[in-house]
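Enquirer: Here's a structure for you.
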Amino acid sequence: MSRFKSIDDVWAFLDAIPMFQKSGTSAANFSLDAIRSFCEKLGNPQNNFPSIHVAGTNGKGTTCYLLEKIYADAGFKTGLFTSPHLTRYNERVRVGQKEISDAELLEFFQVAEDLFNEIKLSYFEISTVLAFWFFAYQEVDIAIIETGLGGRLDSTNIINPEISVITSIGLDHQNVLGDTLEEIAREKAGIIKETKPVVIGDVSGTALSEIRKIAQQKKSEVLLSKELKPEWDLSVITLKKEEIAFKTKFREAVNKWNVAIVWKVVHELQERFPVEEKSVVFSIESFEGAPGRFEKIHPTYEWYFSGSHNTQALESSLSAVEAMKPRAETVLVFSAMKDKLSPELMKFFEGFRQTYFIEQEGERAAKWVDIKELIDARLLTEERKEIILKELKTELVIFMGSFYFYPIVKRWTTNVS
39 MSRFKSIDDV WAFLDAIPMF QKSGTSAANF SLDAIRSFCE KLGNPQNNFP
89 SIHVAGTNGK GTTCYLLEKI YADAGFKTGL FTSPHLTRYN ERVRVGQKEI
139 SDAELLEFFQ VAEDLFNEIK LSYFEISTVL AFWFFAYQEV DIAIIETGLG
189 GRLDSTNIIN PEISVITSIG LDHQNVLGDT LEEIAREKAG IIKETKPVVI
239 GDVSGTALSE IRKIAQQKKS EVLLSKELKP EWDLSVITLK KEEIAFKTKF
289 REAVNKWNVA IVWKVVHELQ ERFPVEEKSV VFSIESFEGA PGRFEKIHPT
339 YEWYFSGSHN TQALESSLSA VEAMKPRAET VLVFSAMKDK LSPELMKFFE
389 GFRQTYFIEQ EGERAAKWVD IKELIDARLL TEERKEIILK ELKTELVIFM
439 GSFYFYPIVK RWTTNVS
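Just add 38 to wherever you are in the sequence shown, counting from 1, and you've got the working numbering.
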């Protein structure tokens, strides 16, 4: 008899497995052996649908959601795999822009139950196999697959995509990927496949040289988004080389790179996956943004959430804030992981009119005792949240620090009227 009788059994099974967002590298498996073996016994579902593989320090989530929208709007049956989930596990796997249902999740765990007993997978590996199985089962026309961490040894890297994407290279997760941009670039470039093209976003210098070197070894054509000469002017993104402008709903200038990337991808895949230019323009201009990426978190108040947690992303988000109001007139509510408490990152949380810190649960989460000596802030607790949030109704407030912070913010702000 199956141990997965209901969706609650699935949640109990997953909850017992360490998760990277809470536990750090101890939850990861930096080898492809287990997932290859598991997928082989499952019939190699990852080989049964065309895909786009997206890696990068920043921008990969937005790029993935935007590609999903472009192809879905054009009539293709899309698959989308992203991580981490923000409020519920089902977000990680979507078909036709709809999350996998609890019933479909349960079916997968029942199908794969014997394999779970035979081969031990990490939390992320399970999520990856689930996506592969579901996309094959649903016979998607094209799937957009986001890497979890790095590229070369990422669980998603057993696919053979039509095209690969590297959105950006920055310093993040150095304990896993390396201490230099060159080392990180090599890890990300691990997703490049033999003879398949790769689109490069905001990457230059020695990092770009490393990617070019690996692409050359694999006879992969390098397509540079910067050749499109993307520009930003108050949400209007222009690709100067194409002489085309998009009136977008983005608030961060960095999104000019995401638009340039998807433009390159769509044009490169045009023969197999044709999309009319006017359809691409419509999709980009009507795109509401990816969840948690400078998202307006409240329908009435000027409250925004950004999952930014590294230098590049924080610079981008804070530039967007300061385009609306000076930092000295803005309120910051933040949380952080212990491994993100470097002086270089903490400086981004200075200079606000008022700063609040919220503690999270989990081994990786920074606590008030870690923060109070580093920055001038006040502790915002569950007990005081209603009083404080009501005081902030007329303020420009930016919630930031990590994607793991999102469900707390969502829960706390939803009922503020």
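Beta carbons: idealized from backbone N, C-alpha and C, even for Gly.
Please read all numbers here as calculations on a predicted model, not as lab measurements.
Quick check on V178: buried or exposed, where buried means 16 or more other Cβ atoms within 10 Å of its Cβ?
Expert: In the sequence shown, counting from the first residue as 1, residue 178 sits at position 140. Classification of V178: buried, given that the 10 Å Cβ count is 16 or more.
Enquirer: Which one or two residues does DSSP pair with W406 in a beta bridge?
Expert: On the sequence shown, residue 406 is found 368 positions in, with the first residue counted as 1. DSSP, once it has assigned bridges, lists no residue as partnering W406.
Enquirer: Could you pull the start and end residues of the beta strand (DSSP E) that A457 belongs to?
Expert: Any question about residue 457 goes unanswered here, given that the chain covers just 39 to 455.
Enquirer: Have a look at V313 and V454 and give me their C-alpha separation to the nearest angstrom.
Expert: Position 275 of the sequence shown holds residue 313. Position 416 of the sequence shown holds residue 454. Between V313 and V454, the C-alpha separation is close to 42 Å.
Enquirer: Could you tell me which uninterrupted beta strand (DSSP E) segments, each at least 3 residues in length, are contained entirely in the stretch 362-421, listed from first to last along the chain?
Expert: The qualifying runs are 369-372 and 392-395.
Enquirer: Taking all protein chains shown into account, decide if P235 is buried (16 or more other Cβ within 10 angstroms of its Cβ) or exposed.
Expert: By 1-based counting over the sequence shown, the position of residue 235 is 197. Buried, because 16 or more other Cβ atoms sit within 10 Å of the Cβ of P235.
Enquirer: Which of helix, strand or coil does DSSP assign to S40?
Expert: The residue you call residue 40 lines up with position 2 of the sequence shown. Correct three-state label for S40: coil.
Enquirer: Could you please give me the residues that DSSP links to Y342 through a beta bridge?
Expert: Residue mapping note: residue 342 aligns to position 304 of the sequence shown, counting from 1. DSSP output for Y342 lists K334 and I436 as bridge partner(s).
Enquirer: CB-CB under 6 Å to N86, same chain, minus the five flanking residues each way: which ones, in chain order?
Expert: Against the sequence shown, residue 86 aligns to sequence position 48. Only A174 meet the Cβ criterion.
Enquirer: Here's the rule: buried if 16 or more other CB atoms are within 10 angstroms of the residue's CB, otherwise exposed. What is W341?
Expert: Stepping through the sequence shown from its first residue, residue 341 is reached at position 303. That one is buried.
Enquirer: Check the DSSP bridge columns for E269 and list the partner residues they point to.
Expert: Here residue 269 corresponds to residue number 231 of the sequence shown, with the count starting at 1. T276, per the DSSP bridge assignment.
Enquirer: State the beta-bridge partners of G117 as determined by DSSP.
Expert: Here residue 117 refers to the residue found at position 79 of the sequence shown. Looking at the DSSP assignment, G117 forms a beta bridge with V133 and A181.
Enquirer: Once you ignore the five residues that flank V435 on each side, which residues in its own chain have a CB closer than 8 Å to its CB?
Expert: Taking the sequence shown and counting its residues from 1, the one referred to as residue 435 is at position 397. Cβ neighbours of V435 beyond the five flanking positions: Y339, E340, W341, Y342, T368, V369, L370 and V371.
Enquirer: Expressed to the nearest angstrom, what Euclidean distance is found between the alpha-carbon atoms of G439 and T233?
Expert: Translated into positions along the sequence shown, residue 439 becomes position 401. Translated into positions along the sequence shown, residue 233 becomes position 195. Approximately 39 Å, taken between the alpha carbons.
Enquirer: Go through its chain and collect everything with a Cβ distance to I201's Cβ below 8 Å, but skip five positions before and after it.
Expert: Indexing the sequence shown from 1 puts residue 201 at position 163. Counting only Cβ-Cβ distances below 8 Å, and skipping sequence neighbours, we find I90, H91, K234, P235, V236, V237, V303, E306 and L307.
Enquirer: Quick one: using the 10 Å Cβ neighbour count with 16 as the cut-off for buried, is P364 buried or exposed?
Expert: Looking up residue 364 in the sequence shown gives position 326. Per the 10 Å Cβ criterion, exposed.
Enquirer: V297 lies in the alpha helix (DSSP H); which residues open and close that run?
Expert: Reading the sequence shown from its first residue, position 259 is the one you call residue 297. Counting along the chain, the alpha helix (DSSP H) containing V297 begins and ends at N293 to E306.
Enquirer: Give the straight-line distance between the Cα atoms of A169 and A366, rounded to the nearest whole angstrom.
Expert: Taking the first residue of the sequence shown as 1, we reach residue 169 at position 131. Taking the first residue of the sequence shown as 1, we reach residue 366 at position 328. Going by the C-alpha atoms only, they are around 44 Å apart.
Enquirer: So the alpha helix (DSSP H) A227 belongs to, where does it begin and stop?
Expert: Reading the sequence shown from its first residue, position 189 is the one you call residue 227. No alpha helix (DSSP H) contains A227, which DSSP labels as neither H nor E.
Enquirer: What separation, rounded to the nearest whole angstrom, lies between the Cα atoms of I425 and R416?
Expert: Within the sequence shown, numbered from 1, the residue matching residue 425 stands at position 387. Within the sequence shown, numbered from 1, the residue matching residue 416 stands at position 378. Rounded to whole angstroms, I425 to R416 spans 14 Å at the Cα level.
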